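**Student:** Heads up: the sequence shown is residues 5 to 717, going by my numbering.
Where is the CB? At the ideal position from N, CA and C, for every residue including glycine.
For clarity, every value in this text was computed on a predicted model and none was experimentally measured.
Shown below is the structure under consideration.
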Amino acid sequence: MVSVLESKADKRTIAAAGQQPDGGDVSLCNVRNIGIVAHIDAGKTTTTERILFYAGRTHRLGNVDEGNTVTDWMIQERERGITITSAAITCSWRDVRINLIDTPGHVDFTIEVERSLRVLDGAVGVFCAVGGVQPQSETVWRQADRYNVPRIAFINKMDRMGADFASCVSEIRTKLRANPVCVQLPIGQAETFSGVIDLLEMKALSYDESTEGREVTEFEIPAEMTDAAAAARAELCEKVAEADETIMEAYFAQPELSAEALRGAIRRSVITGKLVPVLCGSSLRNKGVQQLLDAVMWYLPSPLDRPPVEATDLKSEAKVVREQSASAPLTALVFKIATDAYVGRLFFVRIYSGTLKKGQNVFNPRAKKRERVMKIVRLFADEQTDVDELGVGEIGAIVGLKDATTGDTLCAEHQPVYLERITVPEPVMFMAIEPKSRADKEKLTESMGLLSAEDPTCQVRVDAETGQTILSGMGELHLEILVDRLRREFKCEANTGRPMVSYYETVTAPGKSVYLFDRELGGKRHYAQLTVEVVPQKRGSGHAVEIASTVRRKLPDEKLADCVEQGLTDGILTGVLARYPMTDVLAKVTEAVITDEETATDVAFRTAAVMGFREAALAAKPELLEPIMSLDIVTPADYVGDIMGDINGRRGSVRDMTTRGDMQIVRAQVPLAELFGYSTAIRSLSRGRASYTMEPGEFAVVPRTVREQLLNR
Numbered sequence: 005m006v007s008v009l010e011s012k013a014d015k016r017t018i019a020a021a022g023q024q025p026d027g028g029d030v031s032l033c034n035v036r037n038i039g040i041v042a043h044i045d046a047g048k049t050t051t052t053e054r055i056l057f058y059a060g061r062t063h064r065l066g067n068v069d070e071g072n073t074v075t076d077w078m079i080q081e082r083e084r085g086i087t088i089t090s091a092a093i094t095c096s097w098r099d100v101r102i103n104l105i106d107t108p109g110h111v112d113f114t115i116e117v118e119r120s121l122r123v124l125d126g127a128v129g130v131f132c133a134v135g136g137v138q139p140q141s142e143t144v145w146r147q148a149d150r151y152n153v154p155r156i157a158f159i160n161k162m163d164r165m166g167a168d169f170a171s172c173v174s175e176i177r178t179k180l181r182a183n184p185v186c187v188q189l190p191i192g193q194a195e196t197f198s199g200v201i202d203l204l205e206m207k208a209l210s211y212d213e214s215t216e217g218r219e220v221t222e223f224e225i226p227a228e229m230t231d232a233a234a235a236a237r238a239e240l241c242e243k244v245a246e247a248d249e250t251i252m253e254a255y256f257a258q259p260e261l262s263a264e265a266l267r268g269a270i271r272r273s274v275i276t277g278k279l280v281p282v283l284c285g286s287s288l289r290n291k292g293v294q295q296l297l298d299a300v301m302w303y304l305p306s307p308l309d310r311p312p313v314e315a316t317d318l319k320s321e322a323k324v325v326r327e328q329s330a331s332a333p334l335t336a337l338v339f340k341i342a343t344d345a346y347v348g349r350l351f352f353v354r355i356y357s358g359t360l361k362k363g364q365n366v367f368n369p370r371a372k373k374r375e376r377v378m379k380i381v382r383l384f385a386d387e388q389t390d391v392d393e394l395g396v397g398e399i400g401a402i403v404g405l406k407d408a409t410t411g412d413t414l415c416a417e418h419q420p421v422y423l424e425r426i427t428v429p430e431p432v433m434f435m436a437i438e439p440k441s442r443a444d445k446e447k448l449t450e451s452m453g454l455l456s457a458e459d460p461t462c463q464v465r466v467d468a469e470t471g472q473t474i475l476s477g478m479g480e481l482h483l484e485i486l487v488d489r490l491r492r493e494f495k496c497e498a499n500t501g502r503p504m505v506s507y508y509e510t511v512t513a514p515g516k517s518v519y520l521f522d523r524e525l526g527g528k529r530h531y532a533q534l535t536v537e538v539v540p541q542k543r544g545s546g547h548a549v550e551i552a553s554t555v556r557r558k559l560p561d562e563k564l565a566d567c568v569e570q571g572l573t574d575g576i577l578t579g580v581l582a583r584y585p586m587t588d589v590l591a592k593v594t595e596a597v598i599t600d601e602e603t604a605t606d607v608a609f610r611t612a613a614v615m616g617f618r619e620a621a622l623a624a625k626p627e628l629l630e631p632i633m634s635l636d637i638v639t640p641a642d643y644v645g646d647i648m649g650d651i652n653g654r655r656g657s658v659r660d661m662t663t664r665g666d667m668q669i670v671r672a673q674v675p676l677a678e679l680f681g682y683s684t685a686i687r688s689l690s691r692g693r694a695s696y697t698m699e700p701g702e703f704a705v706v707p708r709t710v711r712e713q714l715l716n717r
């Protein structure tokens, strides 16, 4: 061994005990807004806990199994050992402030990842060295692709039996279509894993377990790994030169690039999305996390490295750009809402331009209302620290808003703009829910309203025919957590039905209807004739309603246009075949006939819109859609035949099969309706040796036989 390293960060960690390391002003170039994203059980929360520990933000190591982690603070999270809600935390590493969000890995809580990535500048993708790239890994990677979020990869659990660093890197390249470049190599794998090789500095590093990994020892690269390390560094230099033109000329002159030159080039390539640096370690064993923090500092962008945010002018509907400057008009996005027992509703915001100050008035362009910011806090999971303002690039929470919802923009009233809203997936499962007593009815309604405001994938509606309240969500676990939260947090007891699949209706061809409503009600004539057209839309696009400009000009009162829109929306939400909500459909009114203003009533236009929509939809070849799940099954080869036969019996189809070690991975698509009780079935088929994960794949038209069963039940 050559020397023992105690980095500046380590020294500050010791000195920072009992202090707030995130206090004081920090230059925007020294801010990192990052998220930790991964498949369930890849080690996100454990990695986050180590980050907080080494950054001096906590003084003990939290453990998921012991239920004492900082970011998994909900009682449901600690009981189940999973992350349910994203937690925001601020800490410091060297001179960089890190605003970090730990996100869930379970597919039922995918909206938490979606809305977090929407406001982040960079992300750390955590991968299990044994499991490799798993289904939810692909989902979160696609979500990051959608928002062009630069990423680095951390291959965790290198100490576990079956760990395979090279295979994991290969899967990042093939399954995620990324361009991974190794900046580290592991020293050993599984029980022999003892440290990492830094390919930029060409040093070997090990971690002292007696100091919980805080003491890092530097030594010469083991002789048996010298050739592998030299080859890996040569490949690193070549890949970086290919991605970054700035150092390409230097590379041709001298292929052996310095560590400093490589860091600058890697950073530029990460920000443009050309490279994904790959690191490795074992968070649980306290190995490799300090170097991960260095990589966050070196390679992930600050808010200044990201392009200025694009918004839409509320008045002209023209696209405008908001520069990341304190002097620019305020532009902020509400990306999450949470209910706090002490301060009420917390609105999580990301500031894109301007400054948000305590006591300031802000404008909500969706609600077209002015609101007052009563309080501003920085977040540390379920704890808050009061501050007077949030500047450009910062993430925090505010108190005092009344009409804001997830995805709303907060801006300056004299220059109103709105940002792109957050994409919300359609729920795939629902259950009936009712209060245990009449006295609880109002409380249940209010509590479910608060839950749906927090979680856009939690949707509540009343069935028009049965009068039942329907609670919809992303899966059985999601619904279970929602009901548990109603009971524990809101002290609201409820009776629930069994979870059922959320079917949707759609149309497969254009349809048109001319509907006349002409009746005398309450001694007054109500008259409206509307021409309604229904057009199918791309799968996954949701629904939309339109009123032709010629119709709007003809209507004597703007309120009538609102009634028409409400009527079309009601028709979409109640469907035409089996009263399931409709999706992937555009409903528009193209013509209206009015006899006189006295008979043009709200009742007439709303009813004509609903009934006209239903007639047009019935003429548009309506079909039922069902959710199809993507299944990844890991099984010993002996049971593959039985498992594939079971998939076929569930109306599923196998997409492909691969081998990982001595296990087979079967990828299939199966209708959600056929997967109730699947965990018991697969254990029975494989004698408990197979496991599976699933995620929503797509919505597909149900087969004719299934359609008849659904319509006749």
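F339 to R370, Cα distance in whole Å?
**Tutor:** One-based indexing of the sequence shown puts residue 339 at position 335. One-based indexing of the sequence shown puts residue 370 at position 366. Spanning the two alpha carbons is a distance of roughly 14 Å.
**Student:** I need the straight-line Cα distance from A236 to S174, nearest angstrom please.
**Tutor:** As a first step, residue 236 must be located in the sequence shown, where it is residue number 232. As a first step, residue 174 must be located in the sequence shown, where it is residue number 170. Approximately 14 Å, taken between the alpha carbons.
**Student:** Closest to L32 by CA distance: which of A92, R326, V464 and S306 is it?
**Tutor:** On the sequence shown, position 28 is the one that residue 32 refers to. Of A92, R326, V464 and S306, the residue nearest in Cα terms is S306.
**Student:** From this set, P184, D636, V487 and P333, which residue's C-alpha is nearest K278's C-alpha?
**Tutor:** As a position in the sequence shown, residue 278 is number 274, starting the count at 1. Taking only the C-alpha atoms, the option nearest K278 is P184.
**Student:** Just the Cα atoms here: how many angstroms apart are A532 and I275?
**Tutor:** Indexing the sequence shown from 1 puts residue 532 at position 528. Indexing the sequence shown from 1 puts residue 275 at position 271. In a straight line, the C-alpha of A532 is about 57 Å away from that of I275.
**Student:** Among the candidates P560, T587, R271 and Y151, whose CA atom is the shortest distance from the CA of T603?
**Tutor:** Position 599 of the sequence shown, counting from 1, holds the residue named residue 603. Closest by alpha carbon: P560.
**Student:** Report the option in L189, E458 and T500 whose CA atom is closest to the CA atom of S441.
**Tutor:** Position 437 of the sequence shown, counted from the start, is the residue given in the question as residue 441. The residue with the shortest Cα to Cα distance from S441 is T500.
**Student:** Can you check whether the CB of L715 is closer than 9 Å to the CB of L581?
**Tutor:** Residue numbering aside, residue 581 sits at position 577 when the sequence shown is read from its first letter. Residue numbering aside, residue 715 sits at position 711 when the sequence shown is read from its first letter. Yes; because the gap between Cβ atoms is below 9 Å, this pair is in contact.
**Student:** Once DSSP output is grouped into helix, strand and coil, what is the label at T359?
**Tutor:** Within the sequence shown, residue 359 is the residue found at index 355, counting from 1. Here T359 sits in coil by DSSP.
**Student:** For D660, count the other beta carbons within 10 Å of its own beta carbon; 16 or more makes it buried, fewer makes it exposed. Which is it?
**Tutor:** As a first step, residue 660 must be located in the sequence shown, where it is residue number 656. So D660 ends up on the exposed side.
**Student:** Is it the case that the CB of E375 approaches a heavy atom of the ligand MN more closely than 8 Å?
**Tutor:** Looking at this structure, you won't find the ligand MN or any other ligand, since it has none at all.
**Student:** Can you give me the C-alpha to C-alpha distance between T535 and V464, rounded to a whole angstrom?
**Tutor:** If you number the sequence shown from 1, residue 535 lands on position 531. If you number the sequence shown from 1, residue 464 lands on position 460. One C-alpha to the other measures close to 31 Å.
**Student:** Between the alpha carbons of M504 and E678, how many angstroms are there, rounded?
**Tutor:** Mapped onto the sequence shown, residue 504 falls at position 500. Mapped onto the sequence shown, residue 678 falls at position 674. The straight-line gap from Cα to Cα measures roughly 11 Å.
**Student:** Roughly how many angstroms separate the alpha carbons of R618 and G579, rounded to a whole number?
**Tutor:** On the sequence shown, position 614 is the one that residue 618 refers to. On the sequence shown, position 575 is the one that residue 579 refers to. For R618 and G579, the distance between alpha carbons rounds to 8 Å.
**Student:** Please give me, in chain order, every unbroken run of the alpha helix (DSSP H) with length at least 4 that falls completely inside the segment 553-632.
**Tutor:** Considered as a whole, the segment 553-632 harbours 553-558, 562-578 and 606-622 as its complete alpha helix (DSSP H) runs of no fewer than 4 residues, in chain order.
**Student:** Could you pull the start and end residues of the alpha helix (DSSP H) that N152 belongs to?
**Tutor:** Taking the sequence shown and counting its residues from 1, one reaches residue 152 at position 148. Element bounds for N152: n/a, residue is neither H nor E.
**Student:** Short of 6 Å in beta carbon distance, which residues of its chain neighbour R523, apart from the five on each side in sequence? Order them along the chain.
**Tutor:** To locate residue 523, count along the sequence shown from 1; it is residue 519. Correct list, in chain order: H530.
**Student:** I'd like to know if the segment 33-41 and the segment 120-132 are in contact, where contact means that at least 3 CB-CB pairs between them fall below 8 Å.
**Tutor:** yes
**Student:** Can you tell me whether R271 is helix, strand or coil according to DSSP?
**Tutor:** Taking the first residue of the sequence shown as position 1, residue 271 is located at position 267. It is helical.
**Student:** In whole angstroms, what is the alpha-carbon distance linking S7 and F223?
**Tutor:** What you label residue 7 is simply residue 3 of the sequence shown in a count that begins at 1. What you label residue 223 is simply residue 219 of the sequence shown in a count that begins at 1. Summary for S7: the model assigns pLDDT 37, below 50, so the residue's position carries little reliability; its value from the coordinates is reported in the next sentence. If I take the Cα positions, the gap works out to 7 Å.
**Student:** Indicate the three-state DSSP secondary structure (helix, strand or coil) for M435 in the structure shown.
**Tutor:** The residue you call residue 435 lines up with position 431 of the sequence shown. If DSSP states are grouped into helix, strand and coil, M435 belongs with the strands.
**Student:** Given this structure, state the Cα-to-Cα distance separating S506 from L481, to the nearest angstrom.
**Tutor:** Translated into positions along the sequence shown, residue 506 becomes position 502. Translated into positions along the sequence shown, residue 481 becomes position 477. The straight-line gap from Cα to Cα measures roughly 15 Å.
**Student:** Does the segment 380-395 come into contact with the segment 423-433, if we say contact requires no fewer than three beta-carbon pairs (one atom in each stretch) closer than 8 Å?
**Tutor:** no
**Student:** So, at 6 Å on beta carbons, what are the nonlocal neighbours of R708 in its own chain, with the 5 sequence-adjacent residues on each side left out?
**Tutor:** Along the sequence shown, read from residue 1 onward, the residue named residue 708 stands at position 704. Contacts found: none.
**Student:** Compare the beta carbon distance of Y303 and I105 with 9 Å and say whether it is the shorter of the two.
**Tutor:** Position 299 of the sequence shown, counting from 1, holds the residue named residue 303. Position 101 of the sequence shown, counting from 1, holds the residue named residue 105. No, Cβ-Cβ distance for Y303 and I105 is not below 9 Å.
**Student:** In whole angstroms, what is the alpha-carbon distance linking A322 and G656?
**Tutor:** Taking the sequence shown and counting its residues from 1, the one referred to as residue 322 is at position 318. Taking the sequence shown and counting its residues from 1, the one referred to as residue 656 is at position 652. About 46 Å.
**Student:** Would you tell me roughly how many angstroms separate the C-alpha atoms of Y643 and D650, rounded to the nearest one?
**Tutor:** In the sequence shown, counting from the first residue as 1, residue 643 sits at position 639. In the sequence shown, counting from the first residue as 1, residue 650 sits at position 646. Taking the straight line joining both Cα atoms gives about 11 Å.
**Student:** Determine which residues share a DSSP beta bridge with E393 and list them.
**Tutor:** The count along the sequence shown starts at 1 and reaches residue 393 at position 389. Beta-bridge pairing links E393 to K361.
**Student:** So for H530, helix, strand or coil by DSSP?
**Tutor:** What you label residue 530 is simply residue 526 of the sequence shown in a count that begins at 1. H530 falls in the strand class under three-state DSSP.
**Student:** On a CA-only basis, which of D392, D407 and K406 is nearest G400? Give me that one, please.
**Tutor:** Counting from one through the sequence shown, the residue named residue 400 turns up at place 396. Closest by alpha carbon: D392.
**Student:** Counting along the chain, where does the alpha helix (DSSP H) carrying A257 start and finish?
**Tutor:** Numbered from its first residue, the sequence shown carries residue 257 at position 253. Per DSSP, A257 belongs to the alpha helix (DSSP H) from M252 to A257.
**Student:** Per DSSP, which residues does N160 bridge with? Please list them.
**Tutor:** Looking up residue 160 in the sequence shown gives position 156. In DSSP, N160 forms a bridge with C132.
**Student:** List the DSSP bridge partners of P190.
**Tutor:** As a first step, residue 190 is located in the sequence shown; it is residue number 186 there, counting from the start. Paired residues: V200.
**Student:** Of all Cβ atoms in chain B, is any one closer than 9 Å to the Cβ of R491?
**Tutor:** Chain labels in this structure do not include chain B; a single protein chain is all it has.
**Student:** Name the two residues that bound the continuous beta strand (DSSP E) containing K48.
**Tutor:** Position 44 of the sequence shown, counted from the first residue, corresponds to residue 48. Boundaries for K48: no beta strand (DSSP E) harbours it, while the alpha helix (DSSP H) harbouring it runs K48 to Y58, taken from the DSSP string.
**Student:** Do you know how far the Cα of G268 is from the Cα of N34?
**Tutor:** The residue labelled residue 34 in the question sits at position 30 within the sequence shown. The residue labelled residue 268 in the question sits at position 264 within the sequence shown. Taking the straight line from one Cα to the other gives about 15 Å.
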